[in-house]
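Notes for the one structure printed next.
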Amino acid sequence: MGLAGLQPWATPEVTAVNRLPMRPPLDPHDDRAAALSGAASPWIMSLDGTWGFQLLDSPDWVEGALAALETGEPMRGGEQIEVPGTWVLQGGDDFRFGRPAYTNVVMPFDAEPPHVATQNPTGVHHRRFRLPRGWSKRRIVLEVGSADSSLLVWVNGSVVAASTDSRLSACFDLTDHVRAGYNDLALVVTQWSAATWIEDQDQWWLPGLHRSVRLVAFAPRSLGAVRLVPGLRDDLCTGTLAVDIELDAGNDVPDGWTVEVEVLGARRRRIARLGPQTVATFTHGHPLEEVISAMFWEGPRVVGLVEVPDIEPWSHESPRLYDVVVTLRDAGGEVVDLRRQRTGFRSVVVADNELRINGAPVVINGVNRHEFDPTRGRSVDEASMRRDLELMKQHHINAVRCAHAPTDPRFVDLCDEYGVYVIDEANIESHGRQASLCHDDRYTNAIVERVRRLVQRDLNHPSVIAWSLGNESGYGAAHDAAAAWVRRVDPSRPLHYEGPLMHDLYADAPVTDIVCPMYTPVEDLIAWAKTTTDRRRPLILCEYGHAMGAAGGHAAYQEAFEAHHGLQGGFIWEWCDHALTLPDGGPGYGGDFGEAVHDGNFCCDGIVGADRRVRPLLTHLGRLFAPLALKRGGSSGADLVLTNRRWFSDLGDVRVRWYVLGDGEAVASGEFDPIECAPRASVDLDLPAAALEAFGALEPSVEAHLRVVVVPRKRPAWAPSGWVVATLQVPLR
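Structural data, given as structure tokens:
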């Protein structure tokens with residue numbers, strides 16, 4: 028079988044075997060036009076679809092199941108299952124593959140860390156694939172998007188790799204294990220593992236392969252980690268791109284190979300470039316030269332800084348993206364490998380009790396978002412991701428905290444596209460043991476590694492404005508180590524972590540640049556703003572306004588955010604209900620599937636339903652977060668004061684309509700002339716003559732109001748027909 032005795036589910040210190048380093052997930056291309064058009068790479072083969080499946084009671088039975096696969100015998104009890112997916116939702120009405128279970132804090136089994144239940148359901152997913160023609164001389168990598176909770180990889184008769192961390196992809200080099208023609212692959216997933224203790228995230232326990240599985244064929248020498256970290260100069264019109272590109276070539280890079288980085292603007296014209304820069308090679312020859320070269324050679328890589336003039340900054344109001352093309356060429360100038368990355372230029376700075384995005388202390392109108400689908404669990408398709416972001420944008424939600432683990436990488440791509448800020452959170456929560464596991468050396472490597480791999484995956488994204496070290500996991504040396512690593516590798520973004528603040532709002536700890544408590548009462552927030560001696564960090568609630576039932580109080584929080592310097596918003600708990608669809612079509616919560624240990628309907632706490640049906644709270648929040656405000660009377664004696672609450676945009680992109688209402692019915696309407704008003708400024712307005720005339724004609728007993736409806740001059744792609752930016756109303760008497 029190979030790797031005999033390997034048990035990744037049993038040992039917290041061993042997080043992976045033969046797993047490749049994490050890197051930004053950019054597909055290989057060798058055709059520039061195809062890459063820029065978004066065409067699928069010819070070097071990708073999806074393995075999504077129907078797989079053979081056998082459910083075992085315990086990983087102790089894995090060896091026998093794989094031995095049967097090796098002989099080609101049909102699996103005993105073998106069935107079929109769809110990948111991506113979770114097996115407990117594919118077992119039919121009789122739940123023959125087990126039942127989902129929802130818990131908030133308690134573990135769904137009786138054990139102490141790092142041990143888990145003796146009965147540990149283990150899914151053997153297997154399929155046969157055929158390598159495409161033309162792949163025989165390339166390096167073959169298997170990418171498993173998500174395996175919950177531990178993973179063994181078996182290829183053509185041998186166990187070749189293992190992994191934990193259920194919310195980040197795991198990649199494995201299979202070049203030496205695959206052959207021309209047909210190959211047999213099995214992915215063995217255990218429901219529970221030692222890592223389960225740091226994945227206790229107020230969730231349904233759903234084992235399986237939640238994201239796509241695919242094969243990627245790389246050139247023998249290719250681009251490796253392509254790191255392109257965006258930034259913005261203080262002039263707000265010069266972008267920067269910190270370039271750090273490694274080659275997958277070992278020490279064997281021929282002389283004369285080059286890497287070129289191009290930034291493309293309108294009509295894909297090049298507006299900035301680094302290189303072509305010759306790749307440094309290892310010095311061979313005299314033994315002393317090789318010793319010295321080995322001491323100081325960093326490997327085959329290209330490092331530099333690209334300055335991009337005259338750009339439009341990226342923000343939630345205007346998410347301008349630019350294409351970046353990275354090309355590896357041989358000594359003859361032929362393209363060996365090519366990658367495309369979309370980027371936006373923005374700055375993120377913490378200073379003077381402000382989180383400044385492009386120099387502005389943007390109030391964070393955010394939500395916590397679990398990945399969830401009512402019929403597929405944590406397997407979420409792109410259409411659902413887009414639906415979430417469109418609803419958020421329509422209701423002026425400008426930020427998402429990835430609760431409480433990294434999302435599918437496509438979601439971060441979409442946040443770049445739509446203009447939504449991301450607090451990117453590592454897959455760490457030891458809710459039920461948060462005071463102890465943070466000091467347990469057996470888990471130190473896993474905690475640091477999960478933070479590191481998250482940063483390595485997502486550091487190219489402009490939407491990611493802070494790294495979160497996890498949730499409800501206490502505070503220990505592992506967090507200090509993880510924070511130190513992030514600060515060294517990515518000084519462009521602040522750190523976020525609630526752990527040291529749980530019992531002391533004023534705690535100063537090196538692991539967070541943001542004071543980010545949860546569920547702090549408004550009066551305590553105001554007291555902090557008035558009394559804190561911290562002159563650097565802002566306060567942004569990581570969770571507040573729990574949306575279970577008829578939630579209220581959000582207006583008081585919003586007023587505090589607007590009125591008190593240092594209070595800068597937060598993330599409402601939470602975006603959507605976690606109701607799984609029952610066999611009869613109804614919503615299912617904890618206990619509805621016959622599970623013994625559960626936390627009831629505490630997962631019923633969304634601003635929207637599990638089916639994304641809009642609830643009244645979302646409509647209410649859309650009004651609270653509206654980017655304009657209206658009140659009676661101006662300093663110059665004007666009738667009205669209109670305030671532009673946006674941070675970067677004037678009012679040139681909207682039309683402002685007015686309606687005079689008598690007892691709630693419109694009696695006259697019209698449109699204001701174009702209004703000039705800078706961001707975060709106010710303008711006095713007089714009522715149009717037609718509005719004054721209509722108001723004067725109303726009987727004194729009639730209740731009179733002025734309604735102002737702000738509409739976009741050009742409808743955003745994420746908005747439905749008829750969408751309005753804001754509806755404002757003031758009494759006329």
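Here the sequence shown is numbered in the working numbering, starting from 28 and rising by one per residue.
Where is the CB? At the ideal position from N, CA and C, for every residue including glycine.
Note that the structure is predicted; figures quoted are calculated from it, not measured.
Quick check on the burial criterion: 16 or more other C-beta atoms within 10 angstroms. Buried or exposed for R50?
Label assigned to R50: buried.
Quick one: using the 10 Å Cβ neighbour count with 16 as the cut-off for buried, is L242 buried or exposed?
Counting Cβ neighbours within 10 Å, L242 comes out buried, since at least 16 surround it.
Rounded to the nearest angstrom, how far is the Cβ of A174 from that of L214, given a contact under 8 angstroms?
7 angstroms
Return the CA-CA distance between L212 and G32, expressed in angstroms with no decimal places.
Taking the straight line from one Cα to the other gives about 19 angstroms.
At what residue ranges does the segment 622-674 contain a whole run of the beta strand (DSSP E), taking only runs of 3 or more?
655-659 and 667-671
Please determine, among G572, P135 and T191, the residue with the shortest C-alpha to C-alpha distance to T217.
T191
Compute the Euclidean distance between the alpha carbons of A299 and D337, then round it to the nearest angstrom.
11 angstroms
Straight-line CA distance for L158 to G208?
6 angstroms
Using a Cβ-Cβ cutoff of less than 6 angstroms, which residues in the same chain neighbour E106 once the five nearest sequence positions on both sides are dropped?
Excluding residues within five positions, the ones whose Cβ falls inside 6 angstroms are F80.
Output the distance between the C-alpha atoms of Y533 and R46, rounded to the nearest integer angstrom.
Their Cα atoms are separated by approximately 41 angstroms.
Work out the CA separation of D87 and D531 for me, nearest whole Å.
In this model, D531 and D87 are separated by some 46 angstroms (Cα to Cα).
Measure how close the beta-carbons of D713 and L365 come, nearest whole angstrom, since I'm counting them as under 8 angstroms.
The pair is not a contact, with the Cβ atoms about 59 angstroms apart (cut-off 8 angstroms).
Excluding the five sequence neighbours on either side, which residues of its own chain have a C-beta within less than 7 angstroms of the C-beta of L644, listed in chain order?
A574, A578 and I634
Please report the distance separating the alpha-carbon of W181 from that of L169.
11 angstroms
At what residues does the beta strand (DSSP E) containing I34 begin and finish?
The sequence as given places Gln at residue 34; Ile does not occur at that position. Segment: none, Q34 is in no beta strand (DSSP E) and carries neither H nor E.
Quick check: L759 and L733, are their CB atoms within less than 7 angstroms of each other?
yes
Check for me: the alpha helix (DSSP H) holding L93 runs from which residue to which?
V89 to T98
Is DSSP giving G235 helix, strand or coil here?
strand
Say whether the segment 258-278 touches the segment 231-242, bearing in mind that this needs 3 or more beta-carbon pairs closer than 8 angstroms, one atom from each stretch.
The segment 258-278, when compared against the segment 231-242, does not touch it at the 8 angstroms Cβ threshold.
Just verifying my parser: in three-state terms, what is the DSSP assignment at H605?
coil
State the start and end residues of the unbroken alpha helix (DSSP H) segment that holds F588.
H581 to A590
List the DSSP bridge partners of S177.
T191 and T217
If I measure Cβ to Cβ from E452 and keep anything under 6 angstroms in the same chain, skipping five residues before and after, which residues do I get?
C429, H431 and S495
With distances taken Cα to Cα, identify the nearest neighbour of P548 among G660, L594 and S709.
L594
Is it true that the CB of L486 sits closer than 7 angstroms to the CB of S374?
no
Taking a contact to mean a Cβ-Cβ separation below 7 angstroms, would you say E761 touches W745 in this structure?
With the chain represented from 28 up to 760, any question about residue 761 goes unanswered, as that position is not in the structure.
Using three-state DSSP, classify M28 as helix, strand or coil.
Any reading at M28 must be qualified, since the residue scores a pLDDT of 47, below 50, and its modelled position is unreliable; no value is offered.
Let me check understanding here. Comparing Cα to Cα, which of E139, A246 and W232 lies closest to R166?
A246
If I measure Cβ to Cβ from M28 and keep anything under 7 angstroms in the same chain, skipping five residues before and after, which residues do I get?
Bear in mind that the predicted position of M28 carries a pLDDT of just 47, short of 50, making it unreliable; the figure below should be weighed with that in mind. Excluding residues within five positions, the ones whose Cβ falls inside 7 angstroms are E90, L93, S185 and V186.
To the nearest angstrom, how far is it from the Cα of L648 to the Cα of H422?
7 angstroms
Shortest alpha-carbon distance to D294 belongs to which of G118, G723 and S64?
Position check: residue 294 holds Arg in this sequence, whereas Asp was assumed. The candidate whose alpha carbon is nearest that of R294 is S64.
Would you decide whether P39 is buried or exposed? Buried here means 16 or more other CB atoms lie within 10 Å of its CB.
By the 10 Å Cβ count, P39 comes out buried.
Is F309 closer than 7 angstroms to W341 when the C-beta atoms are compared?
no
Pop quiz: V687 and F722 are said to be a contact at Cβ under 8 angstroms. What is the actual Cβ separation, rounded to whole angstroms?
Indeed, because the Cβ distance is near 6 angstroms, the residues count as touching under 8 angstroms.
Judging by CA-CA distance, which residue of E726, A705, D700 and L255 is the nearest neighbour of P715?
D700
What whole-angstrom Cβ distance do V735 and W685 have, given they're in contact under 8 angstroms?
6 angstroms
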